[in-house]
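**Student:** I have a structure here, written as structure tokens, and I will follow up with some questions on it.
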Amino acid sequence: MTHLQFDHVTKSFGAVPVVETPFNLAIDRHEFVVFLGPSGCGKTTLMRMIGGLDQPTSGEIRLEGEPVGAPDRRRGMVFQSYSSFPWLTVTQNVAFGLKYRNDLSEDEKAVRAERYLDLVGLYEFSDHFPSQVSGGMRQRIAIARTLAAGADVLLMDEPFGALDALRREQLQTELRRIQRRDAKTIVFVTHDVEEALFLADRVVVFSKRPTRIVAEIDVRSRLGEERSLEIRDGEDFFALRRETIGMVRAAAGGEL
Amino acid sequence: MSAVAETISRPEAAASPAAVARPRKRASRGLLRLRTPLPRGWGPAIAVGASVAIVLVWEFVARLGLTTPLFFPSPTAILSAMGRMFSDQHLLWHAWVSTLRVWGAFLLAAMLAIPIGVAMSGYRVIGAALEPAIDFIRYLPVPALVPLAIIWFGVGEETKIFLLWLGTFFQLVLLVADDMRRVPQEYVEIAYTVGANQGQVLKDVAFRAMLPGLVDNLRITLGWCWTYLIIAEIVAADSGLGFVIWAARRYMKTPEVMAGVVLIGVIGLATDQLLRLIHRRAFRYL
Ligand SMILES: Nc1ncnc2c1ncn2[C@@H]1O[C@H](COP(=O)(O)OP(=O)(O)OP(=O)(O)O)[C@@H](O)[C@H]1O
Ligand SMILES: [Mg+2]
Chain A
1 MTHLQFDHVT KSFGAVPVVE TPFNLAIDRH EFVVFLGPSG CGKTTLMRMI GGLDQPTSGE
61 IRLEGEPVGA PDRRRGMVFQ SYSSFPWLTV TQNVAFGLKY RNDLSEDEKA VRAERYLDLV
121 GLYEFSDHFP SQVSGGMRQR IAIARTLAAG ADVLLMDEPF GALDALRREQ LQTELRRIQR
181 RDAKTIVFVT HDVEEALFLA DRVVVFSKRP TRIVAEIDVR SRLGEERSLE IRDGEDFFAL
241 RRETIGMVRA AAGGEL
Chain B
257 MSAVAETISR PEAAASPAAV ARPRKRASRG LLRLRTPLPR GWGPAIAVGA SVAIVLVWEF
317 VARLGLTTPL FFPSPTAILS AMGRMFSDQH LLWHAWVSTL RVWGAFLLAA MLAIPIGVAM
377 SGYRVIGAAL EPAIDFIRYL PVPALVPLAI IWFGVGEETK IFLLWLGTFF QLVLLVADDM
437 RRVPQEYVEI AYTVGANQGQ VLKDVAFRAM LPGLVDNLRI TLGWCWTYLI IAEIVAADSG
497 LGFVIWAARR YMKTPEVMAG VVLIGVIGLA TDQLLRLIHR RAFRYL
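Dropping the structure here:
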């Protein structure tokens, strides 16, 4: 069943077109879709429009059949620049994701915040301020805050960009697990082909501008639903990776 | 100082032959290198040392008779004048009256300027409507409005508060609006995507984000209040430090005039340092 739908969406900033070819894409409920495309092709712009932070110039984006309106709690977002609030401690930043939920008691909120703090490995830094932790840790604060908020739709813009390899693998595994368990719809942007294939049900490959979809890779049918780290060492994964890299190269128009 | 130079010398410096002379060169430039942090405790020591030196030179020049006491009395003369004024002329009371006026007008200006400034940059309509008027009034020199203030309010407390308020409110509104404008859009967006409404975004995010800048601007504006206070008290008052200074001038009592000026400086310095301390304490996260 379609959860999110782009229907002939275009976007320009003033006179500058960013998405000029009408953009169409349907994303199913509980689907993990990864956007893969050259820098500047409009991935962030598309995500922001889903979030309600930017409006399409023409066309429509629908969430559960309704045109998306102003931003709200149904669509959580991890921003590319992974901001956190400098005046809140690490814990308070994570708990900020829950601050405006009336359906949870203060105790439940605290427990939840702590759980996600632990998940991203920041427990021992709980009382630090963002200015006192590293860039990668700040990124993890943003991830934990968004996960803790518990939106049905997660929009994640290169969320693992600044992490070391081990932490990256751990969080990729967790994210996939959370997505299966809590049945979330996720739109995820990355430049890393392996990350894309490991996480996605479907990878959407974008061309450079004028932006259009050059390929959709049905990863689920190739690799199955369950993803463990071992899958990355399998023949299937290698073959798929080689294919995908080929497509990404072609999409970039020989600019890579 | 050498400790600072050591920690910044790179490890490969030891390996390269040209590096042998380098550390010494660094150390000699030491404190005058751009943005070099001062060793612990040096900042206050240098500040006090330099201030004392200035006063000593002043005293020395005055004692040598290079200046006429009538024009340029020595620090000790000023200090004894101040002592006399404390005991005979209720100097402390005058200082208190002035301080109350400054803070009264300042708080009034701040209480109005903060919400209006926030609204002006938060809502483009309000900004567009108010900015021309505020920018216009901001450039009017306060002394030029003294006659008008007297016509409107007579020579009571209202006139003084009004003149001080006039000198600060319009500047402060625009400073607050700027602070608000500088709140990163992303902070606001984060709050919206976790379900905050407009009021919550303003209160929990925008206001908190602008607070350090706001406190700094308030501190600077408070300083301006003292400038306008003297103008207000010279024109229309029978109390306050401005009145004391002006009264002393009439009899050419230069040490008394200087004593009043110095006292304003001391109050200003103390307030400023106190507010800076509060700033450092309250915004440890910066
Ligand atoms: N607010 C804006 N005003 C004007 N132009 C913008 C604005 N936001 C984005 N753009 C332009 O839109 C284009 C797409 O930007 P976008 O950030 O969506 O790219 P991206 O695919 O996310 O790139 P990256 O992979 O580098 O993050 C860029 O050329 C950018 O300059
Ligand atoms: Mg981007």
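Residue numbers (the working numbering), protein chains in the order written: chain A, 1 to 256; chain B, 257 to 542. The beta-carbon is built from N, C-alpha and C at its ideal position, and this holds for glycine as well.
As an exercise, report each continuous alpha helix (DSSP H) stretch of at least 4 residues that is fully enclosed by the stretch 71 to 142 of chain A, in chain order.
**Tutor:** Runs of the alpha helix (DSSP H) inside the stretch 71 to 142 of chain A: 90 to 96 and 106 to 119.
**Student:** Report yes if the CB atom of residue 520(B) is closer than 8 Å to the CB atom of residue 482(B), and no otherwise.
**Tutor:** Start at 1 with the first residue of the second sequence, and residue 520(B) comes out as number 264. Start at 1 with the first residue of the second sequence, and residue 482(B) comes out as number 226. Contact: yes.
**Student:** With DSSP run on the structure shown, which of helix, strand or coil describes residue 346(B)?
**Tutor:** Counted from its first residue, the second sequence places residue 346(B) at position 90. Coil.
**Student:** State yes or no: is the C-beta of residue 236(A) within less than 8 Å of the C-beta of residue 222(A)?
**Tutor:** By 1-based counting over the first sequence, the position of residue 236(A) is 236. By 1-based counting over the first sequence, the position of residue 222(A) is 222. Against a cut-off of 8 Å, the Cβ pair of residue 222(A) and residue 236(A) comes out as a contact.
**Student:** According to DSSP, is residue 444(B) part of a helix, a strand, or is it coil?
**Tutor:** The sequence position of residue 444(B) within the second sequence is 188, counting from 1. Here residue 444(B) sits in helix by DSSP.
**Student:** Put residue 209(A) into one of helix, strand or coil per three-state DSSP.
**Tutor:** Counted from its first residue, the first sequence places residue 209(A) at position 209. Looking at residue 209(A) - three-state DSSP - the assignment turns out to be coil, as it is neither helix nor strand.
**Student:** Inspect the beta-carbon positions of residue 468(B) and residue 337(B) and report whether they are closer than 8 Å.
**Tutor:** Position 212 of the second sequence, counted from the start, is the residue given in the question as residue 468(B). Position 81 of the second sequence, counted from the start, is the residue given in the question as residue 337(B). No.
**Student:** Is residue 349(B) buried or exposed, if buried means 16 or more other CB atoms sit within 10 Å of its CB?
**Tutor:** Counted from its first residue, the second sequence places residue 349(B) at position 93. Exposed.
**Student:** Pick out the complete alpha helix (DSSP H) segments inside the stretch 169 to 241 of chain A, 4 residues or longer, and give them in chain order.
**Tutor:** Within the stretch 169 to 241 of chain A, the complete alpha helix (DSSP H) runs of at least 4 residues are 193 to 199 and 219 to 223.
**Student:** For a cutoff of 8 Å on Cβ pairs, would you count residue 293(B) as touching chain A?
**Tutor:** Taking the second sequence and counting its residues from 1, the one referred to as residue 293(B) is at position 37. No - not a single Cβ of chain A is within 8 Å of the one on residue 293(B).
**Student:** Exposed or buried, residue 508(B), counting other C-beta atoms within 10 Å across all chains shown (16 or more means buried)?
**Tutor:** Residue mapping note: residue 508(B) aligns to position 252 of the second sequence, counting from 1. Per the 10 Å Cβ criterion, exposed.
**Student:** Please state if the CB of residue 485(B) and the CB of residue 530(B) are separated by a distance shorter than 8 Å.
**Tutor:** By 1-based counting over the second sequence, the position of residue 530(B) is 274. By 1-based counting over the second sequence, the position of residue 485(B) is 229. Against a cut-off of 8 Å, the Cβ pair of residue 485(B) and residue 530(B) comes out as no contact.
**Student:** For the 8 Å Cβ check, are there 3 or more pairs between the stretch 89 to 102 of chain A and the stretch 435 to 453 of chain B?
**Tutor:** Segments in contact, yes.
**Student:** Near residue 465(B), which residues of its chain fall below 8 Å by C-beta distance, leaving aside the five closest residues on each side in sequence?
**Tutor:** Taking the second sequence and counting its residues from 1, one reaches residue 465(B) at position 209. Same-chain partners within the cutoff: 439, 440 and 443.
**Student:** In chain order, what residues have a CB nearer than 5 Å to some heavy atom of ligand 1?
**Tutor:** In chain order, the hits are 13(A), 18(A), 39(A), 40(A), 41(A), 42(A), 43(A), 44(A) and 45(A).
**Student:** So the candidates are 84(A), 178(A), 54(A) and 38(A); which of them puts its Cα closest to the Cα of residue 541(B)?
**Tutor:** Counting from one through the second sequence, the residue named residue 541(B) turns up at place 285. Taking only the C-alpha atoms, the option nearest residue 541(B) is 84(A).
**Student:** DSSP state of residue 542(B), grouped into three classes?
**Tutor:** Along the second sequence, read from residue 1 onward, the residue named residue 542(B) stands at position 286. Correct three-state label for residue 542(B): coil.
**Student:** May I ask you to check if the CB of residue 293(A) is nearer than 7 Å to at least one heavy atom of ligand 2?
**Tutor:** Missing from the structure shown is residue 293(A); chain A here goes from 1 to 256 and no further.
**Student:** Work out the CA separation of residue 82(A) and residue 230(A) for me, nearest whole Å.
**Tutor:** Taking the first sequence and counting its residues from 1, the one referred to as residue 230(A) is at position 230. Taking the first sequence and counting its residues from 1, the one referred to as residue 82(A) is at position 82. If you take the alpha carbons of residue 230(A) and residue 82(A), they lie about 29 Å apart.
**Student:** From the DSSP output, in three-state form, read off residue 46(A) for me.
**Tutor:** The residue you call residue 46(A) lines up with position 46 of the first sequence. In this structure, residue 46(A) counts as helix in the three-state DSSP scheme.
**Student:** Taking 7 Å as the cut-off, is the beta-carbon of residue 189(A) closer than that to any non-hydrogen atom of ligand 2?
**Tutor:** The residue labelled residue 189(A) in the question sits at position 189 within the first sequence. Yes, the Cβ of residue 189(A) comes within 7 Å of a heavy atom of ligand 2.
**Student:** Taking only beta-carbon atoms, is residue 180(A) less than 8 Å away from chain B?
**Tutor:** Taking the first sequence and counting its residues from 1, one reaches residue 180(A) at position 180. No, residue 180(A) lies away from the interface with chain B (no Cβ there is under 8 Å from its Cβ).
**Student:** Given 8 Å as the limit, is there contact between the stretch 144 to 154 of chain A and the stretch 184 to 192 of chain A, that is, 3 or more CB pairs closer than that?
**Tutor:** Output reads yes: the stretch 184 to 192 of chain A touches the stretch 144 to 154 of chain A.
**Student:** Taking just the CA atoms, how far does residue 379(B) sit from residue 37(A)?
**Tutor:** Residue 37(A) sits at position 37 when you count from the first residue of the first sequence. Residue 379(B) sits at position 123 when you count from the first residue of the second sequence. One C-alpha to the other measures close to 36 Å.
**Student:** Note down, in chain order, every chain A residue with its Cβ under 8 Å from the Cβ of residue 464(B).
**Tutor:** The residue given as residue 464(B) occupies position 208 in the second sequence. Those within 8 Å of residue 464(B) in chain A are 85 and 87.
**Student:** With H, G and I counted as helix, E and B as strand and the rest as coil, what does DSSP make of residue 468(B)?
**Tutor:** For the purposes of this step, residue 468(B) is taken as the residue at position 212 of the second sequence. Residue 468(B): helix per DSSP, three-state reduction.
**Student:** Near residue 86(A), which residues of its chain fall below 7 Å by C-beta distance, leaving aside the five closest residues on each side in sequence?
**Tutor:** Mapped onto the first sequence, residue 86(A) falls at position 86. Here the set comprises 129, 130 and 131.
**Student:** Which residue comes first and which comes last in the alpha helix (DSSP H) that contains residue 13(A)?
**Tutor:** The count along the first sequence starts at 1 and reaches residue 13(A) at position 13. Counting along the chain, residue 13(A) falls outside any alpha helix (DSSP H), though it belongs to the beta strand (DSSP E) covering 2 to 13.
**Student:** Can you name the residues that DSSP bridges to residue 306(B)?
**Tutor:** Taking the first residue of the second sequence as 1, we reach residue 306(B) at position 50. BP columns for residue 306(B) are empty, so no partner.
**Student:** Between residue 167(A) and chain B, is any beta-carbon pair separated by less than 8 Å?
**Tutor:** Within the first sequence, the letter at position 167 stands for residue 167(A). Taking Cβ atoms only, chain B never reaches closer than 8 Å to residue 167(A), which makes this a no.
**Student:** Below 8 Å between beta carbons is the criterion; list the residues of the stretch 428 to 446 of chain B that meet it against any residue of chain A, in chain order.
**Tutor:** So the list reads 440, 442, 443, 445 and 446, given in the order they occur along the chain.
**Student:** Name, in chain order, the residues that DSSP records as bridge partners for residue 399(B).
**Tutor:** Reading the second sequence from its first residue, position 143 is the one you call residue 399(B). Looking at the DSSP assignment, residue 399(B) forms no beta bridge with any residue, so it has no partner.
**Student:** Below 8 Å on C-beta distance, what does residue 97(A) contact in chain B?
**Tutor:** The count along the first sequence starts at 1 and reaches residue 97(A) at position 97. Here the neighbours are 450.
**Student:** Along chain B, in chain order, which residues have C-beta atoms closer than 7 Å to that of residue 53(A)?
**Tutor:** On the first sequence, residue 53(A) is found 53 positions in, with the first residue counted as 1. Result: 445.
**Student:** With DSSP as the reference, please indicate the residues paired to residue 26(A) in a beta bridge.
**Tutor:** In the first sequence, the residue the question calls residue 26(A) occupies position 26. Its beta-bridge partners are 5(A).
**Student:** What distance in whole Å lies between the Cβ atoms of residue 195(A) and residue 170(A), which are believed to be in contact at a cut-off of 8 Å?
**Tutor:** Within the first sequence, numbered from 1, the residue matching residue 170(A) stands at position 170. Within the first sequence, numbered from 1, the residue matching residue 195(A) stands at position 195. Contact doesn't hold; Cβ gap of about 13 Å is too wide.
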